[in-house]
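S.K.: In my numbering, the protein residues as written are 901 to 1275.
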């Protein structure tokens, strides 16, 4: 990871001239050393950073967010085009996305480089990434109340893994009957819910539910994730119209350390949910940073909603609350509490910090588990 000074020293003279023009540098443009010193002063000055970010168009600001809230220091052109696409709230042509990448080069957000396999690559100066991220957080949330630990809060930790074990043990003991659609009967679902440390209301018929997993329309959100994770990893086998069974592979769930299984569950959720939720990896990193201290849930939602695309029946507010924040609590990434009877607050957990720093969702392929008849 290189800092801005190093990247400027390796940059070609054309990009330095371009940057000098962008930042209105008053120096001898024929002297590379003078150019670099002038640019360092202009780009790194805190007041200039804030002023530049405030002057950006909405899609430019979004694009910078997608660059800085990503743990990678090097991107391919395709990586950047994908981020440019996420930065707009509607689908546009590739030329538009290319222009956004050009803006990033002109402003010194990225610098041209070459990766190990000689593919054209773009790098982000590490010191500026931190400066831009901190400024974005201040601009988006300003001065927030400094909450102490609320008198009551919920930290689910790795409860989702404990409940996964409960589910597999129940299936192993009872081989619950399945409908012709391959769904566990309601009476067995209710028995399962009573075993769970986090209980959910069963799904009533009617209403749209699809896009977030193979049995999302049949089971409540958290249990649907547990079920689909077990199905995806081969821990269970369905015989529609007959029964649900565990497989020999299910033993892995009891042999792996719970923390490892929690990481695998988090990766699975990311890969499953980032297809319907464009930009999910950036959203969760943004939340993780913003909620390092207790943060009001409504303040997080207020920043997320304008950047979320609706997904068929699911509007922006529902996606922010139910698909992102609620599931981050269930996965142990966030803990949730209440202040003053009606102010819900969230904070990143130690587990959340570890997972957010060690897993980069952008590099993982989507998982598609929807059944064909789900739309």
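Cβ atoms here follow ideal geometry from the backbone N, Cα and C, with glycine treated the same way.
In this text the structure is predicted, and so the values were computed from the model without any measurement.
1. Report the three-state DSSP secondary structure of residue 1193 (helix, strand or coil).
2. In three-state DSSP terms, what is residue 1146?
3. Using beta-carbon positions only, say whether residue 943 and residue 904 come within less than 9 Å of one another.
4. Which of helix, strand or coil does DSSP assign to residue 1059?
5. Determine the direct distance from the alpha carbon of residue 1033 to that of residue 1190, and round the result to whole angstroms.
6. Ordered along the chain, which non-local residues of its own chain (more than five positions away) have a Cβ less than 7 Å from that of residue 1072?
7. In this structure, how does DSSP classify residue 1035 when only helix, strand and coil are distinguished?
8. Using only alpha-carbon positions, find the residue among 1122, 1083, 1140, 1251 that is nearest to residue 1162.
9. Taking 6 Å as the limit between beta carbons, can you name the residues of its chain near residue 918, skipping five residues before and five after?
10. Run the CB neighbour count on residue 1263, radius 10 Å, all protein chains shown included, and call it buried at 16 or more, exposed below.
11. Which residue's Cα is closest to the Cα of residue 1260: 1180, 1210, 1230?
12. Look up residue 1010 in the DSSP assignment and say whether it is helix, strand or coil.
13. Smallest Cα separation from residue 1089: which of 1110, 1066, 984?
14. With a cut-off of 8 Å on the beta carbons, I'd call residue 1176 and residue 1127 a contact; round off their distance for me.
15. What's the C-alpha gap between residue 1018 and residue 979?
16. Assess, as a yes-or-no matter, whether the region 1210 to 1228 is touched by the region 1107 to 1124 under the definition of 3 or more beta carbon pairs within less than 8 Å.
17. Under three-state DSSP, which class holds residue 952?
18. Starting from the Cα of residue 1239, find the closest Cα among 1075, 1045, 1136 and give me that residue.
19. Using the rule of at least 16 other Cβ atoms within 10 Å of the residue's Cβ for burial, across every protein chain shown, is residue 1085 buried or exposed?
20. Please state whether DSSP places residue 996 in a helix, a strand or coil.
21. What does residue 975 pair with, by DSSP beta-bridge criteria?
22. Pairs of beta-carbons, one from the region 945 to 952 and one from the region 1047 to 1064, closer than 8 Å: are there three or more?
23. When we look at the beta-carbon of residue 1151 and count the other beta-carbons within 10 Å, is it buried (16 or more) or exposed?
24. By the three-class DSSP mapping on this structure, what secondary structure does residue 1177 have?
25. Do the CB positions of residue 1060 and residue 1098 come within less than 9 Å of each other?
26. Can you tell me the Cα-Cα spacing of residue 1158 and residue 1036, whole angstroms?
27. Alpha carbon to alpha carbon, how far is residue 1160 from residue 1064? Give it in angstroms, no decimals.
M.R.: In terms of the structure at hand:
1. To locate residue 1193, count along the chain shown from 1; it is residue 293. Residue state, collapsed to three classes: coil.
2. For the purposes of this step, residue 1146 is identified with residue 246 of the chain shown, where counting begins at 1. Reduced to three states, the DSSP call for residue 1146 is strand.
3. Sequence index remark: in the chain shown, residue 943 carries index 43 (1-based). Sequence index remark: in the chain shown, residue 904 carries index 4 (1-based). Note that the C-beta distance between residue 943 and residue 904 is below 9 Å.
4. Here residue 1059 refers to the residue found at position 159 when the chain shown is read from its first residue. Note: residue 1059 maps to helix in three-state DSSP.
5. Taking the chain shown and counting its residues from 1, one reaches residue 1190 at position 290. Taking the chain shown and counting its residues from 1, one reaches residue 1033 at position 133. In a straight line, the C-alpha of residue 1190 is about 10 Å away from that of residue 1033.
6. Numbered from 1 along the chain shown, position 172 holds the residue referred to as residue 1072. Closer than 7 Å at the Cβ level, and outside the excluded window around residue 1072, lie 1146.
7. Position 135 of the chain shown, counted from the first residue, corresponds to residue 1035. Three-state DSSP puts residue 1035 in a helix.
8. What you label residue 1162 is simply residue 262 of the chain shown in a count that begins at 1. Answer by Cα proximity: 1251.
9. Within the chain shown, numbered from 1, the residue matching residue 918 stands at position 18. Shown here for residue 918: same chain residues with a beta carbon closer than 6 Å to its own, the five before and five after excluded, namely 1006 in chain order.
10. What you label residue 1263 is simply residue 363 of the chain shown in a count that begins at 1. So residue 1263 counts as exposed.
11. The residue given as residue 1260 occupies position 360 in the chain shown. Taking only the C-alpha atoms, the option nearest residue 1260 is 1180.
12. As a working mapping, residue 1010 is identified with position 110 in the chain shown. Residue 1010 falls in the coil class under three-state DSSP.
13. Counting from 1 along the chain shown, the entry for residue 1089 is found at position 189. With distances taken between Cα atoms, residue 1089 lies closest to 1066.
14. On the chain shown, position 276 is the one that residue 1176 refers to. On the chain shown, position 227 is the one that residue 1127 refers to. Their Cβ separation, rounded to whole angstroms, is 18 Å, which puts residue 1176 and residue 1127 out of contact at 8 Å.
15. Start at 1 with the first residue of the chain shown, and residue 1018 comes out as number 118. Start at 1 with the first residue of the chain shown, and residue 979 comes out as number 79. Low confidence applies to residue 1018: its pLDDT is 49, below 50, so where it sits in the model is not reliable, and the reading given next is rough at best. Between residue 1018 and residue 979, the C-alpha separation is close to 16 Å.
16. With the cut-off at 8 Å, the region 1107 to 1124 and the region 1210 to 1228 touch.
17. Here residue 952 refers to the residue found at position 52 when the chain shown is read from its first residue. Helix, per DSSP.
18. Taking the first residue of the chain shown as position 1, residue 1239 is located at position 339. With distances taken between CA atoms, residue 1239 lies nearest to 1045 out of 1075, 1045, 1136.
19. Your numbering for residue 1085 matches position 185 in the chain shown. Counting Cβ neighbours within 10 Å, residue 1085 comes out exposed, since fewer than 16 surround it.
20. Locating residue 996 in the chain shown gives position 96, counting from the first residue. Residue state for residue 996 is assigned as helix, using DSSP reduced to three classes.
21. Your numbering for residue 975 matches position 75 in the chain shown. In the DSSP output, where bridge partners are listed per residue, residue 975 has 1022.
22. Judged by Cβ distances under 8 Å, the region 945 to 952 makes no contact with the region 1047 to 1064, as fewer than three pairs qualify.
23. Here residue 1151 is taken as the residue at index 251 of the chain shown, counted from 1. Answer is exposed; the Cβ neighbour count stays below 16.
24. Indexing the chain shown from 1 puts residue 1177 at position 277. Three-state result, residue 1177: coil.
25. Residue mapping note: residue 1060 aligns to position 160 of the chain shown, counting from 1. Residue mapping note: residue 1098 aligns to position 198 of the chain shown, counting from 1. Cβ distance < 9 Å, so residue 1060 and residue 1098 count as in contact.
26. Walking along the chain shown from the start, residue 1158 turns up at place 258. Walking along the chain shown from the start, residue 1036 turns up at place 136. Answer to the nearest angstrom: the Cα atoms are 35 Å apart.
27. Indexing the chain shown from 1 puts residue 1064 at position 164. Indexing the chain shown from 1 puts residue 1160 at position 260. About 13 Å.
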